[in-house]
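Just so we're on the same page, this note's numbering is the position in the sequence shown counted from 1, plus 165. Where is the CB? At the ideal position from N, CA and C, for every residue including glycine. Bear in mind the structure is a predicted one, so any value in this text is a computation, not a measurement.
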Amino acid sequence: MKKEKNLISLERRLFFEKGTKLAAGSFLFSGLFTSLNAKESVALKVPAWSKSLGTVTAANLYGLPSPFEKDVLKEIRLSGAPKGYVSNSIALTSANSPISKIRGSITPNGLFFERNHSGVPVIDPKEHRLLIHGLVKDNIVLSMEKIKRFPSIEKSYFVECSGNTGISKNSPPDKTLDDMYGLMSSASWIGVKLSVLLEEAGIDLDKAKYIIAEGADGATMARTLPISRAMDDCMVAYMQNGEAIRPEQGYPLKLIVPGCEGNIHIKWLRRLEVTDTPLFARDEVSKYTDLFADGKARQSTLVMDVKSVITFPTTGDRLPEAGFYEIRGLAWSGRGKVKKVDVSVDGGRNWETAKFSTDPLSKAFVEFIYPWIWDGKPAVILSRAVDESKKVQPYFKQISDARGFNSESHNNAIQSWSVNAKGEVHNVRI
Ligand SMILES: Nc1nc2c(c(=O)[nH]1)N[C@H]1C(S)=C(S)[C@@H](COP(=O)(O)O)O[C@H]1N2
Ligand SMILES: [Mo]
Numbered sequence: 166m167k168k169e170k171n172l173i174s175l176e177r178r179l180f181f182e183k184g185t186k187l188a189a190g191s192f193l194f195s196g197l198f199t200s201l202n203a204k205e206s207v208a209l210k211v212p213a214w215s216k217s218l219g220t221v222t223a224a225n226l227y228g229l230p231s232p233f234e235k236d237v238l239k240e241i242r243l244s245g246a247p248k249g250y251v252s253n254s255i256a257l258t259s260a261n262s263p264i265s266k267i268r269g270s271i272t273p274n275g276l277f278f279e280r281n282h283s284g285v286p287v288i289d290p291k292e293h294r295l296l297i298h299g300l301v302k303d304n305i306v307l308s309m310e311k312i313k314r315f316p317s318i319e320k321s322y323f324v325e326c327s328g329n330t331g332i333s334k335n336s337p338p339d340k341t342l343d344d345m346y347g348l349m350s351s352a353s354w355i356g357v358k359l360s361v362l363l364e365e366a367g368i369d370l371d372k373a374k375y376i377i378a379e380g381a382d383g384a385t386m387a388r389t390l391p392i393s394r395a396m397d398d399c400m401v402a403y404m405q406n407g408e409a410i411r412p413e414q415g416y417p418l419k420l421i422v423p424g425c426e427g428n429i430h431i432k433w434l435r436r437l438e439v440t441d442t443p444l445f446a447r448d449e450v451s452k453y454t455d456l457f458a459d460g461k462a463r464q465s466t467l468v469m470d471v472k473s474v475i476t477f478p479t480t481g482d483r484l485p486e487a488g489f490y491e492i493r494g495l496a497w498s499g500r501g502k503v504k505k506v507d508v509s510v511d512g513g514r515n516w517e518t519a520k521f522s523t524d525p526l527s528k529a530f531v532e533f534i535y536p537w538i539w540d541g542k543p544a545v546i547l548s549r550a551v552d553e554s555k556k557v558q559p560y561f562k563q564i565s566d567a568r569g570f571n572s573e574s575h576n577n578a579i580q581s582w583s584v585n586a587k588g589e590v591h592n593v594r595i
């Protein structure tokens, strides 16, 4: 039978790839496939939708997902606004991406996470301007039309809020993957390199040390960027996964600072000032700093360190039976490409290297996959990423030993999930 042939070759592949000492000829996937064979007849039924006309194409001029996917939505977290923020509505603050329900290295635009300090402004691109001034030869004011006439590039980069997976004293057993990891997303951006625009304005590279970037929203959010980074891989983006940047992500213009904390990706970008001193804005001296146990705070952490998380199976999932499962997850690093991801299914005693679904790109998400035969016994599964700068993802204890529990941001710890004998998956900290 064809199915059994596939089964055997899949099993062999697994056997040789993993080099495990499985008894030759054992049916690793038998549970999975025989149950299908028994329940479903070989001849396919002709369903109702094969016997009638579909809906009118023009009924939906902006494509939407299948109505059967309607629970795949962003989620507003009821944490309220952080202290010190002017916000009269929870909806003004943030929405998590449903990480557990999507796959791969790109986040669909409609499911990209949101973090807004004063809501989402509605900006007319015809009226929007970008001012470049300060330590430049000429102050320049650019319309969107002019910006789009500069040579452009396309790059995939992740954006992760520094508060993603916030540090907390207790392992939060009730917290799900989406609760903890939903403040991150990844897209393919098209825009102009920031260095091209700064050079156009005639940046004075002898004096310039920083760029202050400011948004056009009610928060006029502003951050300071070191000049070395500004002249490296930053971009001023106007397209997100092939269409105009979504209003929630900064329409019509977003500053991309690859690999750095979400907060410095200024949305609704309207001003770039070349300076020799940092701005010391609220969001770089009060928020987005890391408060250590001794009361001292680290500022300008900026880079998001190497991190990974298993996205299947995860909290809320229930494995229906013992047998074959593909463990999968996401890995990323603000310092370049992810070099490898190791997976352990025994609480970190033994590790094996996972495969990638696609080639890792610098400062972008990559999906890792790892074949697993669950024996039906309790297990603790975890992943650990290493990047090309040789940084290794730490255990939570290493982070809390160094920093204590005061800081909320920049937690890139290893995440573990436990699977009990019933196949139920929970959040555990080991
Ligand atoms: N102008 C402006 N830029 C902003 C913000 C904002 O409120 N206003 N929020 C910042 C924060 S804290 C994060 S994490 C990212 C979130 O980007 P996203 O909403 O496109 O996912 O945008 C950053 N840029
Ligand atoms: Mo953020």
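Worksheet item: Where do the N-terminal and C-terminal ends of the alpha helix (DSSP H) with I564 fall, by residue?
Response: Counting from 1 along the sequence shown, the entry for residue 564 is found at position 399. Residue range 561-568 is occupied by the alpha helix (DSSP H) that includes I564.
Worksheet item: Where in the segment 501-582 do unbroken runs of the alpha helix (DSSP H), each at least 4 residues long, occur, reported from the N-terminal end onward?
Response: 561-568
Worksheet item: When you compare only the Cα positions, how much space is there between W539 and K587?
Response: By 1-based counting over the sequence shown, the position of residue 539 is 374. By 1-based counting over the sequence shown, the position of residue 587 is 422. Roughly 12 Å between the two C-alpha positions.
Worksheet item: Is F277 near ligand 4, in the sense that its beta carbon is under 7 Å from a heavy atom of that ligand?
Response: Inclusion of ligand 4 in the displayed structure is not the case, the ligand content consisting of ligand 1 and ligand 2 alone.
Item to complete: Report the three-state DSSP secondary structure of Y416 (helix, strand or coil).
Response: Taking the first residue of the sequence shown as position 1, residue 416 is located at position 251. Reduced to three states, the DSSP call for Y416 is coil.
Item to complete: Pull up the distance between the alpha-carbon of L434 and that of P290, whole angstroms please.
Response: For the purposes of this step, residue 434 is taken as residue 269 along the sequence shown, with counting starting at 1. For the purposes of this step, residue 290 is taken as residue 125 along the sequence shown, with counting starting at 1. Straight across, the Cα-Cα distance linking L434 with P290 is about 12 Å.
Worksheet item: So, is D455 buried or exposed, given that buried needs 16 or more other C-beta atoms within 10 angstroms?
Response: Reading the sequence shown from its first residue, position 290 is the one you call residue 455. For D455, the number of other beta carbons within 10 angstroms of its own is at least 16, and it is reported as buried.
Worksheet item: Is I297 near V401, with beta carbons less than 8 Å apart?
Response: Taking the first residue of the sequence shown as 1, we reach residue 297 at position 132. Taking the first residue of the sequence shown as 1, we reach residue 401 at position 236. Between I297 and V401, the gap from beta carbon to beta carbon reaches 8 Å or more.
Worksheet item: Which residues share a DSSP beta bridge with T455?
Response: Residue mapping note: residue 455 aligns to position 290 of the sequence shown, counting from 1. First, the amino acid is wrong: residue 455 is Asp here, not Thr. The partner list for D455 (beta bridge, DSSP) reads R463.
Worksheet item: Within the chosen definition, does the segment 428-443 reach the segment 361-370 through at least 3 CB pairs nearer than 8 Å?
Response: yes
Worksheet item: Is Y227 helix, strand or coil by DSSP?
Response: Here residue 227 refers to the residue found at position 62 of the sequence shown. Here Y227 sits in coil by DSSP.
Worksheet item: Quick one, are the C-beta atoms of S262 and T272 less than 8 Å apart?
Response: To locate residue 262, count along the sequence shown from 1; it is residue 97. To locate residue 272, count along the sequence shown from 1; it is residue 107. It is a contact, given that the beta carbons lie within the stated cut-off.
Practice prompt. Identify, in the order they occur along the chain, each residue of the same chain with its Cβ nearer than 8 Å to the Cβ of W596, setting aside the five sequence neighbours on each side.
Written response: Not covered by the structure: residue 596. The range shown for the chain is 166 to 595.
Worksheet item: What's the gap between the Cα of E426 and the Cα of K528?
Response: Sequence index remark: in the sequence shown, residue 426 carries index 261 (1-based). Sequence index remark: in the sequence shown, residue 528 carries index 363 (1-based). Distance between the alpha carbons of E426 and K528 is about 12 Å.
Worksheet item: What is the chain-ordered set of residues for which the beta carbon lies under 5 Å from any non-hydrogen atom of ligand 2?
Response: R280, C326, G427, N428
Item to complete: Just the C-alpha distance for N274 and K239, rounded to the nearest angstrom, thanks.
Response: Translated into the one-based positions of the sequence shown, residue 274 becomes position 109. Translated into the one-based positions of the sequence shown, residue 239 becomes position 74. When rounded, the distance between both Cα atoms is 11 Å.
Item to complete: Measure the C-alpha to C-alpha separation of Y227 and V301 and round it to an integer number of angstroms.
Response: For this step, residue 227 is matched to residue 62 along the sequence shown. For this step, residue 301 is matched to residue 136 along the sequence shown. In a straight line, the C-alpha of Y227 is about 43 Å away from that of V301.
Worksheet entry | Nearest to K432 (by Cα), restricted to the options V468, A519, G383 | The residue given as residue 432 occupies position 267 in the sequence shown. Of the listed residues, the one whose Cα sits closest to K432 is G383.
Practice prompt. Taking the CB atoms as reference points, tell me whether I332 and I564 lie closer together than 8 Å.
Written response: For this step, residue 332 is matched to residue 167 along the sequence shown. For this step, residue 564 is matched to residue 399 along the sequence shown. Taking a C-beta distance under 8 Å as the contact criterion, I332 and I564 qualify as a contact pair.
Practice prompt. State buried or exposed for H575, treating a residue as buried only when at least 16 other CB atoms are found within 10 Å of its CB.
Written response: Working through the sequence shown from its first residue, we reach residue 575 at position 410. With 16 or more other Cβ atoms within 10 Å, it is buried.
Fill in: Burial state of W354 (16 or more Cβ within 10 Å)
Residue 354 sits at position 189 when you count from the first residue of the sequence shown. Burial check for W354: the Cβ neighbour count within 10 Å reaches 16 or more, so the residue is buried.
Worksheet item: Can you list, in chain order, the residues of its chain whose CB lies under 6 Å from that of A373, leaving out five sequence neighbours each side?
Response: As a position in the sequence shown, residue 373 is number 208, starting the count at 1. If we look at A373 and ignore the five residues flanking it on each side, its Cβ neighbours are L300, I392, V439.
Fill in: V106 CB to nearest heavy atom of ligand 1 below 7 Å
In this structure the chain extends from 166 to 595, so residue 106 is not present and cannot be described.
Fill in: DSSP three-state assignment for W433, whether helix, strand or coil
In the sequence shown, residue 433 corresponds to position 268, counting from 1. Three-state DSSP puts W433 in coil, outside helix and strand.
Worksheet entry | Identified DSSP bridge partners for V324 | As a first step, residue 324 is located in the sequence shown; it is residue number 159 there, counting from the start. S350, per the DSSP bridge assignment.
Discussion item. For L187 and R483, I'd like the C-alpha separation in whole angstroms.
Written reply: Along the sequence shown, read from residue 1 onward, the residue named residue 187 stands at position 22. Along the sequence shown, read from residue 1 onward, the residue named residue 483 stands at position 318. Its pLDDT being 45, under 50, L187 is placed unreliably by the model, and the measurement read from it follows with that caveat. Roughly 25 Å between the two C-alpha positions.
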